[in-house]
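Q: Following this note's numbering, the residues of the sequence shown are numbered contiguously, the last one being 223.
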Amino acid sequence: MEILINFLERKGWPREYLPEELKEKYLAIDWIAVNLLFERRLKTRQLFVYGKPNAQKSLLISLLKRAGLRIYSVGHRKNDFSGANDFFDLWVIDEFIDESNKYESEQGINPKTLLTLLDGQESRLEAKYERRLIKKENLPIILIGKKVPHEIRKSESPLAKRLIPLKFQTKSEVDLARIAATFYSAMCMRAAHFSEVENPDPVLR
């Protein structure tokens, strides 16, 4: 948060976007804010962002990273988690492929490993140039793809139970500083609402 505040101070505290200006992108920003503020219980659902290649899915993540959010992006070698650790704010798995069997064969990640990651359970992960990583924290994870995978469309499938689909379908003029201000505003509003609730439960389910 300190990095984000310093960034906004350097930019002169720009005006945040309104929800109607960002549309579905605001929902993604709010989801990230909530999942960073509050404790995540095991099997709290993660976010699956999908849409056409020009829908600014990866752009939004890139802007938040430039503003100071610590984001770990799983590379094209999906069985290689080099550089990953529990100190990132957010993990992103990009280019999520449609079918689960295709995902396993072409991208190298074991489906059981993926489900364990999404659940927030302790996970043993491979790293090409490092010793095996043991991920212990229940971190928020965003998957990015072009369309809703078949396994998510099946309501009772393991993936469907672990993901919230969010379609990106509008293209907006997005400014780095204003995106950062919008994220900071979302964090503040969620924290303020929590402080006003009687007998609050700071745990996500």
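We put the CB at the ideal spot given by N, CA and C, even for glycine.
Using DSSP bridges, identify the partner residues of SER141.
A: Paired residues: LYS153.
Q: Please report how far the alpha carbon of ILE152 lies from the alpha carbon of ALA102, in whole angstroms.
A: 10 Å
Q: If LYS164 and PRO71 are in contact, beta carbons under 8 Å, what's the gap, nearest whole angstrom?
A: 7 Å
Q: Under 6 Å Cβ to Cβ from ARG88, same chain only, skipping five residues before and after it: list those, please.
A: Sequence-distant Cβ neighbours of ARG88 in its own chain, meaning closer than 6 Å and more than five residues away, are PHE106 and ASP107.
Q: Could you tell me the distance, in whole angstroms, from the CA atom of TRP31 to the CA atom of PRO129?
A: 43 Å
Q: Identify, in the order they occur along the chain, each residue of the same chain with its Cβ nearer than 7 Å to the Cβ of ARG33, setting aside the five sequence neighbours on each side.
A: Excluding positions up to five away in sequence, the list reads ARG196 and ALA199.
Q: Which of helix, strand or coil does DSSP assign to GLU57?
A: strand
Q: Just how far apart, CA to CA, sit SER80 and ASN24?
A: 18 Å
Q: Report all residues from its chain with a CB closer than 6 Å to the CB of ASP135; omit the five preceding and five following residues, and keep chain order.
A: Note that residue 135 is Leu in the sequence shown, not Asp. Closer than 6 Å at the Cβ level, and outside the excluded window around LEU135, lie SER141.
Q: Relative to the alpha-carbon of SER190, which residue among GLU27, GLU39 and ARG28 has its alpha-carbon at the smallest distance?
A: GLU39
Q: Could you tell me the boundaries of the beta strand (DSSP E) in which TYR90 lies?
A: 89–92
Q: In chain order, what residues of the same chain lie with their CB nearer than 8 Å to the CB of LEU54, ignoring the 5 residues before and after it?
A: Same-chain partners within the cutoff: ASP107, LEU108, PRO158 and MET205.
Q: Could you tell me the alpha carbon to alpha carbon distance between ALA178 and MET207, rounded to whole angstroms?
A: Their backbone Cα atoms lie some 29 Å apart in a straight line.
Q: For LEU161 and ARG28, I'd like the C-alpha separation in whole angstroms.
A: 31 Å
Q: Taking the beta strand (DSSP E) that LEU177 falls in, what are its first and last residues?
A: Element bounds for LEU177: n/a, residue is neither H nor E.
Q: Residues in its own chain within less than 8 Å of SER76 by CB, not counting five upstream and five downstream?
A: Cβ within range, chain order: ASP112 and ILE162.
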